[in-house]
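Student: Residue 1 is where the sequence shown starts when you use UniProt numbering, and the numbers rise one by one after that.
Even for Gly, the Cβ is constructed at its ideal location relative to N, Cα and C.
Just passing along the structure, written as structure tokens.
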Amino acid sequence: MSQPPHLYLGPAIQRWRPNTPADIQHAIDNGALEERHWLDIKRKLNHDKHDKVELARDAASFANDGGVLLIGVDEDRPTGKLTLAPTRLSGLAETVEQILHQRCDPPLFVQCHPIPVSPEDMENGYLVIEIPPSPLAPHMVDGQYHGRGDKTKHRLNDAAVERLFAIRAARQITAEQLIAAEIARDPIEDDRDQDVRLYAVAHPVASPPELLTPHLMGEELRTLVAGAAITPHTDSWLQPLTAYNEPRAVGRGWHTYDLHSRILAPDAVGKDRAQADLEISDDGSIALFASALVGTKPIGYARPVRQRFVYTEGAVGLVLALVTLAGEVGATFGYRGQWEIAVGLTNLNGLVHSSTPSLGEPDQLLRYSASRYVQGTSAGTGELQDAPGPVVSRLMYKFVRALGAEQFFADVFARHGKSA
1 MSQPPHLYLG PAIQRWRPNT PADIQHAIDN GALEERHWLD IKRKLNHDKH DKVELARDAA
61 SFANDGGVLL IGVDEDRPTG KLTLAPTRLS GLAETVEQIL HQRCDPPLFV QCHPIPVSPE
121 DMENGYLVIE IPPSPLAPHM VDGQYHGRGD KTKHRLNDAA VERLFAIRAA RQITAEQLIA
181 AEIARDPIED DRDQDVRLYA VAHPVASPPE LLTPHLMGEE LRTLVAGAAI TPHTDSWLQP
241 LTAYNEPRAV GRGWHTYDLH SRILAPDAVG KDRAQADLEI SDDGSIALFA SALVGTKPIG
301 YARPVRQRFV YTEGAVGLVL ALVTLAGEVG ATFGYRGQWE IAVGLTNLNG LVHSSTPSLG
361 EPDQLLRYSA SRYVQGTSAG TGELQDAPGP VVSRLMYKFV RALGAEQFFA DVFARHGKSA
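Here you go:
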């Protein structure tokens with residue numbers, strides 16, 4: 001059973017971490033549970049259409065800035081007095097997640113934290129629904145966008161919707177900047193204009209500058225990197241780098257054999273082979289570099305030609321590894337906030353998907369129609385941990401769509417949870 005992080009209920013209130021009914025009662029007694037811009041309470045969730053739509057509207061209104069919904073507390077409207085009113089927990093979290101997935105457009109990610117009445121009564125209790133700021137805000141419910149005022153939700157006017165879309169567009173500008181900085185420090189000069197290279201960054205927006213300083217050279221961080229390195233389709237890049245790591249000016253680096261200190265060895269054998277570098281900074285930022293995501297294969301019937309292709313599976317796998325690692329780093333070392341994540345791929349023009357059939361007419365192949373691909377998104381640590389697939393989809397769907405390869409990655413993009 002997941003425990004909620006320290007929740008934000010307003011600037012005048014200390015962060016709140018409810019683990020027991022007594023914590024909720026204490027917050028009621030202190031006046032911290034007054035409904036406001038960041039908090040709403042419900043007596044229970046009925047299964048009729050009205051309650052489902054209202055839940056979706058409430059959650060969508062919180063998704064613009066973040067907030068908390070608490071189910072299991074009753075309010076006497078005339079007096080405003082709050083009292084504990086335990087509700088049935090069995091299946092409630094799953095119902096909430098299903099409602100927000102089906103009725104919010106685009107689907108909305110939340111984290112549900114059940115708090116049972118007691119160890120003897122685990123079937124009844126309270127549900128804390130944590131709604132982080134959504135990178136896809138605003139979310140539509142029944143054709144309308146909703147925002148949150150001081151105490152109630154309201155329909156957003158056109159100007160408010162435009163502002164939220166402008167915020168979303170600004171993230172892409174940030175992604176372009178992050179990737180441009182990584183391209184500028186590409187450690188391999190050879191074939192830079194021909195090789196397909198991947199650059200990916202996960203930056204914790206509000207982490208302490210020394211979040212990882214006491215832990216950078218420890219075994220725990222090494223274990224997290226080793227776990228990310230077993231992501232499917234990444235063996236050529238991630239498995240070799242786990243054998244070599246070193247302290248860096250910005251933190252700690254893992255690298256393939258020929259990239260010691262992010263410098264390609266002058267006598268490197270086979271400079272066109274896959275190279276990779278993973279760097280984790282004191283503030284928790286993660287930067288991943290990978291080269292040689294390109295290959296060739298014969299295409300055609302009577303007179304086959306050599307066709308260059310991009311290792312699409314490898315590119316998606318590397319991004320999944322980065323997303324997963326960021327979630328584990330945040331959860332392990334106490335950062336529950338937002339991350340800006342950016343991905344870039346270079347020298348793609350004219351390439352085909354790696355699983356394109358070899359038999360066919362070369363001039364009829366679907367080829368990538370731009371030189372570069374850059375995409376960014378943001379996500380909280382909770383989403384990176386619990387729903388990495390949708391995050392990877394936001395980062396990579398447009399890339400695989402342009403190659404006609406959506407069906408190959410549907411399971412990855414939908415993946416929820418570590419066991420999926």
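Between residue 421 and residue 156, how many whole angstroms is the CB-CB distance? I'm expecting something under 8 angstroms.
Tutor: An answer regarding residue 421 cannot be provided, because it is not within the stretch 1 to 420 covered by the chain.
Student: By the DSSP assignment, the beta strand (DSSP E) with residue 338 in it spans what residues?
Tutor: Start and end: 338-345.
Student: What does the Cβ neighbour count give for residue 279, buried or exposed, with the cut at 16 atoms within 10 Å?
Tutor: So residue 279 counts as buried.
Student: Does residue 163 get closer than 8 angstroms to chain D when you measure Cβ to Cβ?
Tutor: The question asks about chain D, but that chain is absent: this structure has only one protein chain.
Student: Could you tell me which residues DSSP pairs with residue 75 in its beta bridges?
Tutor: Its beta-bridge partners are 82.
Student: Once DSSP output is grouped into helix, strand and coil, what is the label at residue 308?
Tutor: Strand, per DSSP.
Student: Going by other Cβ atoms of all chains shown within 10 Å of its Cβ, with 16 needed for buried, is residue 119 buried or exposed?
Tutor: So residue 119 counts as exposed.
Student: Mark residue 165 as exposed unless 16 or more other C-beta atoms lie within 10 angstroms of its C-beta, in which case mark it buried.
Tutor: Residue 165 should be labelled exposed.
Student: Is the beta carbon of residue 145 closer than 8 angstroms to that of residue 161?
Tutor: It is a contact, given that the beta carbons lie within the stated cut-off.
Student: Have a look at residue 215 and residue 237 and give me their C-alpha separation to the nearest angstrom.
Tutor: The alpha-carbon atoms of residue 215 and residue 237 are separated by roughly 25 angstroms.
Student: Report back the beta-carbon spacing between residue 310 and residue 294 to the nearest angstrom; my notes put them in contact at under 8 angstroms.
Tutor: That pair is a contact at about 6 angstroms.
Student: At the level of alpha carbons, what is the spacing between residue 420 and residue 324?
Tutor: Here the model assigns residue 420 a pLDDT of 33, short of 50, so the residue's position is not dependable and the matter cannot be decided.
Student: Determine, using beta carbons only, whether residue 385 and residue 327 come nearer to each other than 8 angstroms.
Tutor: Against a cut-off of 8 angstroms, the Cβ pair of residue 327 and residue 385 comes out as a contact.
Student: Tell me whether residue 120 sits in a helix, a strand or coil according to DSSP, three-state version.
Tutor: The answer is coil: DSSP assigns residue 120 none of H, G, I, E or B.
Student: In whole angstroms, give me the CA-to-CA distance for residue 211 and residue 147.
Tutor: Rounded to the nearest angstrom, the two C-alpha atoms are 33 angstroms apart.
Student: Starting from the N-terminal side, write out each stretch of the beta strand (DSSP E) that is 3 residues or longer and does not extend beyond the stretch 256-308.
Tutor: Within the stretch 256-308, the complete beta strand (DSSP E) runs of at least 3 residues are 276-281, 286-290, 294-299.
Student: Helix, strand or coil, according to DSSP, for residue 52 in the structure here?
Tutor: Helix, per DSSP.
Student: When DSSP builds the beta bridges, which residues end up paired with residue 378?
Tutor: Its beta-bridge partners are 340.
Student: Can you tell me which residues form a DSSP beta bridge with residue 199?
Tutor: Paired residues: 289, 344.
Student: Excluding the five sequence neighbours on either side, which residues of its own chain have a C-beta within less than 6 angstroms of the C-beta of residue 60, listed in chain order?
Tutor: Here the set comprises 104, 139, 141, 146.
Student: Any contact of the stretch 21-34 with the stretch 61-68, i.e. 3+ C-beta pairs under 8 angstroms?
Tutor: As far as the Cβ criterion goes, the stretch 21-34 does not touch the stretch 61-68, which means the pair count is below three.
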